[in-house]
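Engineer: Protein chains in written order, with full-length UniProt numbering: chain H, 1 to 831; chain L, 1 to 642.
Got a structure for you, questions after.
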Amino acid sequence: MIAGRGRQRIRPPRRGLHGDELNFESTWKIIEDAFGEIHTKNASQLSYEELYRHAYRIVLKKRGEELYRHVHEFERNWLSTEVRISIQQLLSPNLLANMQHIGGTTTNERRVSGEKFLKGLKQAWGDHQVCMSMLADVLMYMDRVYCQDHRRPSIYAATMILFRNEILNSTVSHTDQRLVLGLLNHVILEQIQMERHGDVVDKHLIKSCVHMLDGLHADDMESDDQRLYNVSFEQEYLKTSRDFYQAEAEMLLRESDAGAYCRHARRRIHEEADRCRSTLLESTMPRIQKVVETELIQNRIHELVGMDSGVRFMIDNDRLDELNLVYELNARVDDQKAEVTRAIQKRLVEMGTELNNDAIAASQVSAPTSAPTAEGGEKTRAPPQEKGQTQQTAAAIKWVEDVLVLKDKFDRIWKQSFLSDNLLQTAITRSFADFINSPNFPRSSEYISLFIDENMKKGIKGKSEMEIDMVLEKAIILLRYVQDKDLFERYYKKHLCRRLLMNKSISNEVEKQMISKMKIELGNNFTMKLEAMFKDMTISEELTVGFKRHIEGLGDRDPKRIELSINVLTSMTWPMETIGTGNEDEQSKRPKCNFPLAVENIKQSFEKYYSEKHSGRQLTWLPNMGTADIKAVFPKVQQKDGSFKERRHELNVSTYGMVILLLFNDLAAEQHLTFEEIQANTNIPHHDLVRNLQSLAVAPKTRILVKEPMSKDVKATDKFYFNEGFKGNFVKIKVGVVSSGNKVESDRERRETEKKNDDSRNFCIEAAVVRIMKQRKELAHQKLISETISQLTAQFKPEVNMIKKRIESLIEREYLERIDGATVDSYRYLA
Amino acid sequence: MDTKKKHEIEVALANEARAISSGKLKEDSPLDTSEEFRLFCEACRRGDLKVCQEMLQANIQINARDIYDYTPLILASLCGHYEVIQLLLENGALCERDTFQGERALYNALNDRIRNLLLSYDYAKSTNPLQPLAAHITSLLTRPVPKTDDITITAYDDQTFHLHKFLLAARSPYFAKKLAAAPNTASWKLPSNIPADSLGVALQYLYFSEVSLQSVTRGLSDEEELVVLNGIDKIGRQLEMDRLFEDITEISDRRLLRQKRAEELDRGREQLEDWFKNNVLRNKVVIDTEKVDSIQWDRDNTIFADVLLRADDEDDEDDEFSPGPSESSTPRSRNTLGPLNGIPVGPVKSRSPSRHRKPRKSTVYGVHKAMLLRSEYFLTMFNSPFREAQSTPYLQIIKLDCTPQVLETILTFIYTERSDFGLDIAIDVLFAADQLFIEKLKQRAALIISSLGNGTTSTVEAENPRGETDQEDAIDAYEIIRAGWDTRVQRLEEFGARYIAYRLERYIDEPEFAELVQESAKRVTARQETDTVEVVDDIRWYLSERFRLRFEDTHFDEMMDENKIHDRDPLAAAVKELGLSDSGAEAPPLQSVPDLETQLGAGAVRTLDGEIAGDEFAQDAINYQILLGKIDALLERLNLDA
């Protein structure tokens, strides 16, 4: 073991610490004096060590209870005498009077006296806190040992409660039984009211008073929901604010316009938020915001939106900022933004309907106005029908453009004012769809297709890729709104067909781009046939080249040989009515055109070539769709300028035109052919012949033939001469055939188109029904209808009636049967 | 809980052995064949708290192993000595999962209570015993109030660090020299070739922070990182902190990391301790109390102190009572004069040679607020607006209400986390620590009292069942219990109760004992809980423990259990039980019953023993009953319903 160490005993604790009895009174006197010094701010010479030691000893001697009581009593005394009196002195008469709403003091006076009161209270509170934390420092041992053992609140907490009891809950004076706390609330509220009216108040001062209220509790348990701030002040505050804003909202609605109202409301909301940050507590923010929102927005938004200067006015005048304000305000109180959405939709549908009506009016007005002129004057250059159509086409394009402008406008509003809100986007989209598909305006599909057609032919000329892309995109956007996609497809096919065959399209690339865009938007099914059309064009090109090589390969180098360029069209994919073949009957009825020998030769040679390549296919020639380039030599005839020159022109004419002109090749200069002779020779259908002759003999710039008598109309007895004196400014001359562009359909055509469309819809519906039934075997009527509709919506919106009819028809044809005795109408599929 | 499979443990052990033999890892449990260690192990085996505490104070290797590969912790765990295990763990005995020795201690734990205790000290959860000190010093780097820094170091990019001269001097020989040459330096500029980041790392290291290079160099490019690393290397050399670079390099192994950290903390503590001894203690001033106010220390003193602490010698009055070398007495204890056996206790120097001289002396230490802040008392003091926190031309002198010896103990703890002091001042330290809110020191004091306080009975109490008290006591049990109450240290109350229980024969009839019981009862009623008297409950429990050990082989234990149930119905019932179990063992004859009342009055156990039973067991049984009876009688007399 470790030896040599002195033995040790535990010693008792020393006397000074433990042994002698402690004189409580004298020790307390020392402490009390020191506390007095602390309260009068003379603490810097006090010794912490000494005070702590005294308090420590008292507690150690089990006199903690007494000490605690003494300290508590000391503080109560101090507060109820010194502090309370100094607070009471701050209460100037006008402050007290004012609380009873007796006028006679100016705002300024009230503010000054209020501030004085707040300052005094703040000072007292600050002093109290500082002193109490010093006390708590000194009495740390008591807090830790006595208070914890006996479950007493720490001395700091206890004296805070004292402050509440002795100062805030004390009466204003002996005669006046109001509490200081009530007065404090009132003064703060008044100051805030002043600030709302634009005065400058001492925010820091108020804030520190508010912090005081926040630090004190209404009960002695110090529970969080019992803070004086929440229990006493905040409720008052919310109540007065509610009253204030209610009145203000009424006044504003009466006196200012919607924009100003919005701006004001927003300013108020921000002001209140700022006030919570700078003057009150942030915890109040959601509550006061709720009050402001309820009073200024929730209860008023309906009125606000409907004001004369409301949403409608803002839209019409492009008040994007104000719209944004309305939107923001509405969004604050309503996630759905119902009011704004409603107003926007209403206005949008209104504007759209206006456009529709304009378009209808334009197409209807043009007809009657042009009709009389057509009847009245023989000399009108275009037939009235056609002129009307041109105008209608213009109206159609205008409609589309207008819709796009509208779309742009609302897009801008949506982006800038509505912060790209999804809900509003759907609302806007729905409204667009509503008026575009309005039953009163059935032509949107056609118009959109026309618009694309117009752009493909002219619009995109000289535009950059970006711009073109934008135009296409716009078209697609509109297309998105269209419900009857099948109708659109029909029109598009028709228009595309014209463009392709007549080479009207400016850029094949753009066409294809458009198709691929549609593919993305509407799916593969939709563009399949359109793509097939393009494919036909490509194959035809190859055929042409192949045929040319084939001819060359024959070695028969005939300088006068005719070059043939051919388009072979698959009859199913191309719209036959456009091509003019119409239905089968008409085609077989119609006599075939007699081609000149040279042409006939090459035609037969191609037929032979083609049938070698693809046996079994039948070619039908469509001369009404073709064109021909002819080199024409005009003899030396004296011109008006006196020159005797032989002139060569390259004439681009329709196939029929070529056939007609070739007839004159064999004639002597003075000889003529009558209309009937031409018809007999060529076997061209009457209607086509008239038009071709008109363009060759009537149109002033391309008067290659001379007609006798000279008039607009072509009669059967008219004589035609070769115009030797023809003079053209260009070498190449294009002889246009009247009415070859894509125009708005006349009503008759339209009905036809619709009928055809309905026919094809019928097929679609039947197919869909059969598909569904094949899978389900048995199905209730209602279910079948709804499934059919859901299957077809991508193409069009089928009418229930139509579906019913189709079902009937299917039953007749024994695809389906009714299930007898079923509780609900049901069908069974018959395999 | 996941436990490793045997083969997994074997692999881990093999790896560990390889790491140790290659020198990468320091062995956790080195072999120790010294005689002291053998004794230590023996004490752990027997559960001898006192010897354990003495050995620990003599700096024995707590984690070593004996020739049979047992560590003290495993032994204590195996033999089921809860208090010893607690003592070992509190003193840094390791019990880490997934190590050989750790798992053994857990596996061998006698019962679940011990196992849970061990688990709660698993390294993953516990911290190094020096961590509180280190954490405090680290916090000084960032603590804004109260102001304790006295030197500013500026890096070339104007980043400044507010530092403490005494720490710099203690930790860096470079600063020690510099500051010794010019103690009043208030700022120091860093050479421009060292980046601020590097300086930051070095300072954190210097302030005992666990520096991780990774966190410093995160987000830096390779070149920047190189610059910082170079800077660290340079500054390490300049400040003569030669291990800086090596110590902060990243180590992934958890154990290695811990070892390094522990080493570093130990080393830092040594440095701090050296400095503390050579400066603070060496520069203490002993002066007549009357003249103490004339001490004027400049702010710029050589030990960078910013406050003076003063402790007065005890009053003359006290001196009369204080123990002299040959005679000793405590004022209120019984007359226990007699020869004292030497109690070997840790190194205690005679610190106050002037104690008996007159006039009264005061001792003044120049110390550093930065360190004093470890006590909540000083923290509050220096943060308050009172006089002590004011800045004065000369250093403030703050008086502490304790003896210089106690103050020095406290300072030593605050500066070095060391707390080995003798039993003689333990109570004083306990109170002072309580007053100053130094919780850890309080616990240490309580620990010292409860482990050393058993007087000369260095053997286990269980071996002295009859409470034979031929030796002198070193403590006043009443005082201990009261101190426990005053300072709210449960351990002391329990210790006192146990102490009394094992010597109840001597205490039971003393008026002071009755007083104590009454005090305890009052404490309880003040809290308004149950009706029991805590001290009595504790004593009863320890009493049963004391006797049960003797009765284990007989049927008496059953009997006693029943007795416990019938506690409320005093003596008579107990004696009846005795009679009923007559057949079991040699029980006392029934005729003892009528005698008991008178014997109670006489209070002489031995008389009873000598007259009635010749057998030891019977004697114990009767003694037990008599003691219980006396307690009940006492309670009745005190009008306490228990």
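For glycine and all other residues, C-beta sits at the position ideal for the given N, C-alpha and C.
By alpha-carbon positions, which one of H/P685, H/R300, H/V706, H/E195 ends up nearest to H/H672?
Structural biologist: Here residue 672 of chain H refers to the residue found at position 672 when the first sequence is read from its first residue. Out of H/P685, H/R300, H/V706, H/E195, H/V706 has the C-alpha closest to the C-alpha of H/H672.
Engineer: Any beta-carbon of chain H closer than 7 Å to the one on L/T459?
Structural biologist: The residue given as residue 459 of chain L occupies position 459 in the second sequence. Residue confidence is low: L/T459 scores 42 on pLDDT, short of 50, so the model does not pin down where it sits. No coordinate-derived value is stated.
Engineer: Quick one: list the residues of chain H neighbouring L/R38, beta-carbon separation under 8 Å, in chain order.
Structural biologist: Position 38 of the second sequence, counted from the first residue, corresponds to residue 38 of chain L. Result: empty, since nearest Cβ-Cβ is about 13 Å, beyond 8 Å.
Engineer: Scan the segment 442 to 485 of chain H and note each continuous alpha helix (DSSP H) run of 4 residues or more that stays entirely inside, going in chain order.
Structural biologist: As far as the segment 442 to 485 of chain H is concerned, its whole alpha helix (DSSP H) runs of at least 4 residues are 444 to 454, 465 to 481.
Engineer: For H/K407, which option in H/L496, H/R275, H/E754, H/L355 has the closest C-alpha, if you only look at C-alpha atoms?
Structural biologist: If you number the first sequence from 1, residue 407 of chain H lands on position 407. With distances taken between Cα atoms, H/K407 lies closest to H/L355.
Engineer: Between which two residues does the alpha helix (DSSP H) holding L/H136 run?
Structural biologist: Within the second sequence, residue 136 of chain L is the residue found at index 136, counting from 1. Unbroken alpha helix (DSSP H) run through L/H136: 131 to 140.
Engineer: Looking only at its chain, what residues have a beta carbon closer than 8 Å to the beta carbon of H/R266, apart from the 5 residues adjacent to it on each side?
Structural biologist: Locating residue 266 of chain H in the first sequence gives position 266, where the first residue counts as 1. For H/R266, where only same-chain residues beyond five positions count, the Cβ hits under 8 Å are L325, E328, L329.
Engineer: Are the C-beta of H/T107 and some C-beta of chain B separated by less than 7 Å?
Structural biologist: Although the question refers to chain B, the structure presented lacks it and instead comprises the protein chains H and L.
Engineer: Along chain H, which residues have their Cβ under 9 Å away from the Cβ of L/S384?
Structural biologist: If you number the second sequence from 1, residue 384 of chain L lands on position 384. Near L/S384 (Cβ distances below 9 Å), the residues of chain H are A43, Y48, S133, M134, D137, V138.
Engineer: Excluding the five sequence neighbours on either side, which residues of its own chain have a C-beta within less than 7 Å of the C-beta of L/L272, listed in chain order?
Structural biologist: Position 272 of the second sequence, counted from the start, is the residue given in the question as residue 272 of chain L. Excluding residues within five positions, the ones whose Cβ falls inside 7 Å are A170, Y415, T416.
Engineer: From H/E814 to H/L830, what does the alpha carbon distance come to, in whole angstroms?
Structural biologist: Locating residue 814 of chain H in the first sequence gives position 814, where the first residue counts as 1. Locating residue 830 of chain H in the first sequence gives position 830, where the first residue counts as 1. Whole-angstrom Cα-Cα distance: 7 Å.
Engineer: Assuming H/T788 contacts H/I811 under a Cβ cut-off of 8 Å, what Cβ separation, rounded to an integer in Å, is found between them?
Structural biologist: The residue you call residue 788 of chain H lines up with position 788 of the first sequence. The residue you call residue 811 of chain H lines up with position 811 of the first sequence. In fact, because the Cβ distance is near 15 Å, the residues do not count as touching under 8 Å.
Engineer: Taking a Cβ distance cut-off of 7 Å, strictly less, list which residues of the segment 55 to 87 of chain H are near chain L, in chain order.
Structural biologist: Taking 7 Å as the Cβ-Cβ cut-off against chain L, the residues of the segment 55 to 87 of chain H that qualify are Y56, L60.
Engineer: Quick check: is the beta carbon of H/R53 nearer than 7 Å to any beta carbon in chain L?
Structural biologist: Numbered from its first residue, the first sequence carries residue 53 of chain H at position 53. So, interface residue.
Engineer: Any C-beta of chain H sitting closer than 7 Å to the C-beta of L/Q131?
Structural biologist: Counting from 1 along the second sequence, the entry for residue 131 of chain L is found at position 131. No, because no Cβ of chain H sits closer than 7 Å to the Cβ of L/Q131.
Engineer: Quick one: does L/Q405 have its CB under 7 Å from some CB of chain H?
Structural biologist: Position 405 of the second sequence holds residue 405 of chain L. So, not an interface residue.
Engineer: For H/R300, name the three-state secondary structure that DSSP assigns.
Structural biologist: Locating residue 300 of chain H in the first sequence gives position 300, counting from the first residue. Here H/R300 sits in coil by DSSP.
Engineer: Can you give the Cα-Cα distance for H/E339 and H/R347, rounded to whole angstroms?
Structural biologist: Residue mapping note: residue 339 of chain H aligns to position 339 of the first sequence, counting from 1. Residue mapping note: residue 347 of chain H aligns to position 347 of the first sequence, counting from 1. Going by the C-alpha atoms only, they are around 12 Å apart.
Engineer: For H/C276, which of H/L554, H/S208, H/D469 has the nearest alpha-carbon?
Structural biologist: As a working note, residue 276 of chain H is residue 276 in the first sequence. Comparing Cα-Cα distances from H/C276 to each of H/L554, H/S208, H/D469, the minimum goes to H/S208.
Engineer: Grab the span of the beta strand (DSSP E) containing L/Y121 for me, first residue to last.
Structural biologist: Along the second sequence, read from residue 1 onward, the residue named residue 121 of chain L stands at position 121. Per DSSP, L/Y121 belongs to no beta strand (DSSP E) and is neither H nor E.
Engineer: Is DSSP giving H/H614 helix, strand or coil here?
Structural biologist: Residue mapping note: residue 614 of chain H aligns to position 614 of the first sequence, counting from 1. Coil at H/H614, not helix or strand.
Engineer: Just list the residues that DSSP pairs H/A628 with in beta bridges.
Structural biologist: Residue 628 of chain H sits at position 628 when you count from the first residue of the first sequence. Answer by DSSP bridge pairing, in chain order: H/V653.
Engineer: Please look up how many angstroms separate the CB atoms of L/I151 and L/T99, rounded, as I've assumed it's under 8 Å.
Structural biologist: Taking the second sequence and counting its residues from 1, one reaches residue 151 of chain L at position 151. Taking the second sequence and counting its residues from 1, one reaches residue 99 of chain L at position 99. L/I151 to L/T99, Cβ: 43 Å. No contact.
Engineer: Going along the chain, which residues of its own chain have a beta-carbon closer than 6 Å to the beta-carbon of L/Q159, five neighbours each way excluded?
Structural biologist: Position 159 of the second sequence, counted from the first residue, corresponds to residue 159 of chain L. Excluding residues within five positions, the ones whose Cβ falls inside 6 Å are A196.
Engineer: Kindly list, in the order they appear in chain H, the residues whose Cβ is closer than 8 Å to that of L/E388.
Structural biologist: The residue you call residue 388 of chain L lines up with position 388 of the second sequence. Within chain H, the residues near L/E388 are S47, Y48, E49.
Engineer: Just to confirm before moving on: does the CB-CB distance between H/Y56 and H/Y146 stay below 7 Å?
Structural biologist: Locating residue 56 of chain H in the first sequence gives position 56, where the first residue counts as 1. Locating residue 146 of chain H in the first sequence gives position 146, where the first residue counts as 1. No. Outside cutoff.
Engineer: Distance cutoff 7 Å, beta carbons only. Does L/D401 sit that close to anything in chain H?
Structural biologist: Position 401 of the second sequence, counted from the start, is the residue given in the question as residue 401 of chain L. So yes, L/D401 belongs to the interface.
Engineer: My guess is that L/R398 and L/V307 are in contact by the Cβ rule of under 8 Å, so how many angstroms apart are they, rounded?
Structural biologist: Counting from 1 along the second sequence, the entry for residue 398 of chain L is found at position 398. Counting from 1 along the second sequence, the entry for residue 307 of chain L is found at position 307. One detail in the question is off: residue 398 of chain L reads as Ile in this sequence, not Arg. Contact holds; Cβ gap of about 6 Å.
Engineer: Work out the CA separation of H/L60 and L/G422 for me, nearest whole Å.
Structural biologist: Your numbering for residue 422 of chain L matches position 422 in the second sequence. Your numbering for residue 60 of chain H matches position 60 in the first sequence. The straight-line gap from Cα to Cα measures roughly 24 Å.
Engineer: Give the straight-line distance between the Cα atoms of L/L179 and L/D424, rounded to the nearest whole angstrom.
Structural biologist: Indexing the second sequence from 1 puts residue 179 of chain L at position 179. Indexing the second sequence from 1 puts residue 424 of chain L at position 424. The straight-line gap from Cα to Cα measures roughly 39 Å.
Engineer: Below 8 Å on the Cβ atoms is my contact criterion, and I expect H/D336 with H/K797 to pass it. Report the Cβ-Cβ distance as a whole number of Å.
Structural biologist: To locate residue 336 of chain H, count along the first sequence from 1; it is residue 336. To locate residue 797 of chain H, count along the first sequence from 1; it is residue 797. According to the sequence provided, residue 336 of chain H is Gln. The question's Asp does not apply to it. About 27 Å; that fails the 8 Å criterion.
Engineer: Is there at least one Cβ from chain H nearer than 7 Å to residue 647 of chain L's Cβ?
Structural biologist: Given a span of 1 to 642 for chain L in the structure shown, any question on residue 647 of chain L remains unanswerable.
Engineer: For L/H162, report the span of its beta strand (DSSP E) as first-last.
Structural biologist: If you number the second sequence from 1, residue 162 of chain L lands on position 162. Looking at the DSSP string, the run of the beta strand (DSSP E) that includes L/H162 is 160 to 163.
Engineer: Please list, in chain order, the chain L residues whose beta carbon lies closer than 9 Å to that of H/Y141.
Structural biologist: Stepping through the first sequence from its first residue, residue 141 of chain H is reached at position 141. Per Cβ cutoff of 9 Å: Y377, D434, Q435, F437.
Engineer: Is the distance from the Cβ of L/H164 to the Cβ of L/A370 below 7 Å?
Structural biologist: Taking the second sequence and counting its residues from 1, the one referred to as residue 164 of chain L is at position 164. Taking the second sequence and counting its residues from 1, the one referred to as residue 370 of chain L is at position 370. Going by C-beta atoms, L/H164 is nearer than 7 Å to L/A370.
Engineer: Which chain H residues are close to L/M381, counting only those with a beta carbon under 9 Å from its beta carbon?
Structural biologist: Locating residue 381 of chain L in the second sequence gives position 381, where the first residue counts as 1. In chain order: Y48, E49, Y52, D137.
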